[in-house]
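Chemist: The structure is given below, and queries will be raised subsequently.
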Amino acid sequence: MPKLSVVVPFYNVQTYAPDALKSLELNAREDFEFLLVDDCSTDGTPELLDRAARELPGAVHLRHERNGGLATARNTGLDAARGEYLAFLDGDDWLAPGQLARMLAAIEALSCDFIRTDHVRCTGRTRSVQRVPFGPQSVVADPRGAILPADRATSVDYPYAWAGMYHRRLLDRGLLHFTDGLRTAEDRPWIWRLHREAESFAAVGLPGIFYRRGVSTSLTQIRDERQLDFIRAFDQVLADVATDRESDLLLPKSIRTYCAIIAHHFGSIERYEPAVAKKLRLMSAAALGRMPQDVLDQVLDSMDVERSTVLRRLRGGRRTPSGATA
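Residues 15 to 340 (my numbering) are what the sequence shown spells out, left to right.
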């Protein structure tokens, strides 16, 4: 059994894949495996991964015959992973030399289910360190206790799967797989489930993961219908929280986060094609209509005026019994 399996999805990132692969080379150990998942790329990415499978120690090239999205690609890697510990990297990001060994040493020393790390956000030549929104460092804590409060950024608002390392027992319990087919916000139901159901975690700093922003092929930059999957992702969060033993405590936080993401998308709605923008309005209004209205009232009352005004206007249409907006 390898000590560590690293799942790395790639899709049409031939410009950036060499940086990711070089960083894996600088992190390689004989007990590490790198699961390189090509999600049916149509550029030169498959050839780069073929060469990496020959030259990079521990590398395995897994190829999809059809594009399934990031969540499905990660699941392919998880299904093939043999390691005692697991980690993720995206194909357009990269690691500092020795980062994986440092993370592995931290999680083994703390003996917890998972760790969360800081990361470096890279936009052009600008670099900024993004911290895990959890105060104690290198202290084992209850993941459930890191979900609240509702009105402040917490660990569930830091959903990046690659900003951490995870013990295999989480995979065996079914906590590490993503919802197949989600094309964006796939990490939101994932991080909520992890914090509700895992038993221990720690924030450890270690900002050696470099997250590339502004990539033209990234879904964070593309405003097409795939972006609307955030609604399906957050609907899943709300459905999961509704069955939780502490649903009354957690529901305001999940609804507030959902509302904040809706407002965020409306802040740049002019970047969508008209048909997609119309669909965003309809689907968001329907989502607000599906929420428990008393909790939604409390959430909107607690939000800043700009966002709450947008959401109240969106909510204001006549709602049908099914929750859709007429």
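Glycine included, every Cβ here is placed at the ideal spot set by N, Cα and C.
Should Asp165 and Arg270 be called a contact, given that it needs their Cβ atoms to be closer than 9 Å?
Modeler: yes
Chemist: Looking at the unbroken beta strand (DSSP E) that takes in Gly178, where does it start and where does it end?
Modeler: First-last of the beta strand (DSSP E) with Gly178: Gly178 to His181.
Chemist: Relative to the C-alpha of Thr86, which residue among Ile205, Val324, Cys54 and Glu260 is closest?
Modeler: Cys54
Chemist: Can at least three beta-carbon pairs, one atom from the segment 240–251 and one from the segment 142–149, be found at a separation below 8 Å?
Modeler: no
Chemist: Out of Val251, Glu239 and Gly222, which one is the CA nearest neighbour of Ile205?
Modeler: Val251
Chemist: Have a look at Leu265, Gln28 and Pro203 and flag the residue whose alpha-carbon is nearest the alpha-carbon of Gln307.
Modeler: Leu265
Chemist: So, under 8 Å CB-CB, Leu63 and His75 are touching, yes? Tell me the CB distance rounded to an integer number of Å.
Modeler: 5 Å
Chemist: Give the straight-line distance between the Cα atoms of Thr168 and Ala160, rounded to the nearest whole angstrom.
Modeler: Distance between the alpha carbons of Thr168 and Ala160 is about 6 Å.
Chemist: Could you work out which residue in Ala120, Gln28, Phe192 and Cys136 is closest to Asp93 when comparing CA atoms only?
Modeler: Phe192
Chemist: Considering just the uninterrupted stretch of the beta strand (DSSP E) at Asp52, what are its terminal residues?
Modeler: Phe46 to Asp52
Chemist: Among residues of its own chain, excluding the 5 on either side of Asp33, which ones have a beta-carbon nearer than 7 Å to its beta-carbon?
Modeler: Trp108
Chemist: Taking 8 Å as the cut-off, does the segment 125–140 touch the segment 176–185 (at least 3 CB pairs, one atom from each stretch)?
Modeler: yes
Chemist: Where does the unbroken alpha helix (DSSP H) through Cys136 begin, and where does it stop?
Modeler: First-last for Cys136: His133 to Thr137, but that is the beta strand (DSSP E), not the alpha helix (DSSP H).
Chemist: By the DSSP assignment, the beta strand (DSSP E) with Ile161 in it spans what residues?
Modeler: No beta strand (DSSP E) contains Ile161, which DSSP labels as neither H nor E.
Chemist: Tell me whether the beta-carbon of Leu325 lies closer than 9 Å to the beta-carbon of Ala291.
Modeler: no
Chemist: Can you give me the Cβ contacts of Ala338 inside the same chain, cut-off strictly under 7 Å, excluding the 5 residues immediately before and after it?
Modeler: Because the pLDDT of Ala338 is 38, which lies under 50, any placement of that residue in the model is unreliable, and the question is left without a value.
Chemist: Pull up the DSSP beta-bridge partners for Pro23, would you.
Modeler: Val51
Chemist: Ordered along the chain, which non-local residues of its own chain (more than five positions away) have a Cβ less than 7 Å from that of Phe280?
Modeler: Val324
Chemist: How far does the beta strand (DSSP E) with Gln151 in it reach, from first residue to last?
Modeler: Segment: none, Gln151 is in no beta strand (DSSP E) and carries neither H nor E.
Chemist: Let me confirm a value: Pro288 is counted as buried when at least 16 other C-beta atoms fall within 10 Å, else exposed. Which label applies?
Modeler: exposed
Chemist: DSSP on Tyr272, reduced to helix/strand/coil?
Modeler: Correct three-state label for Tyr272: helix.
Chemist: Distance, Cα to Cα, Val20 vs Tyr172?
Modeler: 20 Å
Chemist: On the three-state DSSP scale, how would you describe Arg130?
Modeler: strand
Chemist: Count the other C-beta atoms from every protein chain shown that fall within 10 angstroms of the C-beta of Glu79, then say buried if there are 16 or more, exposed otherwise.
Modeler: Exposed, since its Cβ has fewer than 16 Cβ neighbours within 10 Å.
Chemist: May I have the straight-line CA-CA distance separating Arg96 from Ala42, to the nearest angstrom?
Modeler: 16 Å
Chemist: Name the two residues that bound the continuous beta strand (DSSP E) containing Thr140.
Modeler: Thr140 to Gln144
Chemist: Write down the C-beta distance between Ala31 and Thr59 rounded to the nearest angstrom, noting that I regard them as a contact closer than 8 Å.
Modeler: The pair is a contact, with the Cβ atoms about 6 Å apart (cut-off 8 Å).
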